[in-house]
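K.L.:
Residues -23 to -1, 1 to 264 in mature numbering (1 follows the signal peptide of the UniProt record, and there is no 0) are what the sequence shown spells out, letter by letter. Just so it is clear, CB atoms sit at the ideal spot from N, CA and C, and this is done for glycine as well.
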Amino acid sequence: MKLLASLVTTLLIAIGLPSLAQAAESDPDTLKVALLPDENASELIKRNQPLKDYLEKSLDKNVELIVTTDYSSMIEAMRFGRIDLAYFGPLSYVMAKSKSDIEPFAAMVVDGKPTYRSVIIANAESGISEYADIQGRKVAYGDRASTSSHLIPKTVLLETAGLKAGDDYEQHFVGSHDSVAVNVANGNADAGGLSEVIFGHVTERGLVDPKKVKVLGYSEEYPQYPWAMRSNLDADLKQRIRDSFLNINDPEVLKNFKAESFAPISDSDYDVIREMGSLLGLDFATM
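(1) Quick one, which of G164, G104, Y93, M55 has its alpha-carbon nearest P81's?
(2) Sorted by chain position, which residues of the same chain lie with C-beta nearer than 7 Å to L223's C-beta, five sequence neighbours on each side aside?
(3) DSSP three-state label for Q216, please.
(4) Assign E143 to buried or exposed, taking buried as 16 or more other Cβ atoms, counted over all protein chains shown, within 10 Å of its Cβ.
(5) Since K191 is in the alpha helix (DSSP H), which residue starts that stretch and which ends it?
(6) Taking DSSP as the reference, what is the three-state secondary structure of L137?
(7) Is it true that the CB of I225 sits closer than 8 Å to the CB of T124?
(8) May I ask you to report which of helix, strand or coil DSSP gives K235?
(9) So, are the CB atoms of Y31 and R94 less than 8 Å apart?
(10) Closest by CA to D47, which one among D78, N39, P14, S35?
(11) To the nearest angstrom, how far is the alpha carbon of K141 from that of V192?
(12) Helix, strand or coil: how does DSSP classify I43 here?
(13) With burial defined as no fewer than 16 other Cβ atoms inside 10 Å of the residue's Cβ, what is the status of D6: buried or exposed?
(14) For the beta strand (DSSP E) that contains A168, what are its first and last residues?
(15) Report buried or exposed for A(-3), applying the criterion of at least 16 other Cβ atoms within 10 angstroms of its Cβ.
(16) When the Cα atoms are used, what is the spatial distance from residue 290 to W204?
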């Protein structure tokens, strides 16, 4: 019986190791900060060096910037406590929230508001001039867990033109926002959807020739990409993280996000994303 009890105890400890490890890291010496993998990883790390420097100074901790291979691996990393805070897209946040104990705390403010839009573009020589012309064509989206490069443009096509992916057009997932723009410009896709801000980035940096793409339209305004953190971080550390983001006024940090500042947010701000997911028949917990 003692042997059996010992084995059971060992098994229970083994099963509980992930949560025990997370509890032990409530106030880690090094904060692992994940960036949304919506662009080239090395470029993201380079551009966010000012953020890393700012957080290390304001929090008096080492900061490790992480770019996962895709949205799903980022969600899983948060789920198992391998990252401490992360810059999510609205949809990937909702998915992560359905699987993890996390809390959003800040979103960037652009043009005086914490919202943003998607843009739907078409190849300039495709003959597409409005959403209805996408019928029977190839449409490029970014990651399946992307909001502005999947959920929003797909909803726009369904609600405004009655176009359903799979039935009325071919959908192709190409991984990132910049890949959407490149595929549309090169004619590998007839149309595509991505973040308005990132579309501006790729055209400004010369990744695509603006003359090879045309803008078909924009979505409504939706809540900005949230920063979220593990709920089981130390309470004082969580407050310092919130304060650090809400007090950012470093021009170099804000320039990278093309933001004016950061504003506080809550989970309920993303109910509109959950509603869009329901419209498309998505199950966030199984995506």
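P.N.:
Once the coordinates are examined:
(1) Position 104 of the sequence shown, counted from the start, is the residue given in the question as residue 81. When only C-alpha atoms are compared, the closest one is M55.
(2) If you number the sequence shown from 1, residue 223 lands on position 246. Correct list, in chain order: A83, F239, P241.
(3) To locate residue 216, count along the sequence shown from 1; it is residue 239. Reduced to three states, the DSSP call for Q216 is helix.
(4) Taking the sequence shown and counting its residues from 1, one reaches residue 143 at position 166. With the sequence shown as reference, residue 143 is identified as Gly, and Glu is not the correct amino acid for it. G143 comes out exposed.
(5) On the sequence shown, position 214 is the one that residue 191 refers to. Following the DSSP letters along the chain, one finds K191 in no alpha helix (DSSP H) but inside the beta strand (DSSP E) bounded by residues 190 to 195.
(6) Your numbering for residue 137 matches position 160 in the sequence shown. It should be noted that the sequence gives Thr, not Leu, for residue 137. Taken through DSSP and simplified to helix, strand or coil, T137 comes out as helix.
(7) Mapped onto the sequence shown, residue 124 falls at position 147. Mapped onto the sequence shown, residue 225 falls at position 248. No; because the gap between Cβ atoms is not below 8 Å, this pair is not in contact.
(8) The count along the sequence shown starts at 1 and reaches residue 235 at position 258. Shown here, K235 sits in coil according to DSSP, grouped into three states, outside any helix or strand.
(9) The residue labelled residue 31 in the question sits at position 54 within the sequence shown. The residue labelled residue 94 in the question sits at position 117 within the sequence shown. No, these two residues do not count as a Cβ contact at 8 Å.
(10) Position 70 of the sequence shown, counted from the first residue, corresponds to residue 47. Nearest to D47 by C-alpha distance, out of D78, N39, P14, S35, is P14.
(11) Working through the sequence shown from its first residue, we reach residue 141 at position 164. Working through the sequence shown from its first residue, we reach residue 192 at position 215. Between K141 and V192, the C-alpha separation is close to 20 Å.
(12) Within the sequence shown, numbered from 1, the residue matching residue 43 stands at position 66. Here I43 sits in strand by DSSP.
(13) Numbered from its first residue, the sequence shown carries residue 6 at position 29. So D6 counts as exposed.
(14) Here residue 168 refers to the residue found at position 191 when the sequence shown is read from its first residue. Counting along the chain, the unbroken beta strand (DSSP E) around A168 starts and ends at 168 to 172.
(15) Taking the first residue of the sequence shown as 1, we reach residue -3 at position 21. Only weak support is given to the placement of A(-3): the predicted model assigns it a pLDDT of 38, under 50, and the value that follows is read from those uncertain coordinates. Exposed is the call here.
(16) Nothing can be reported for residue 290: it is not among the residues displayed for the chain, which extend from -23 to 264.
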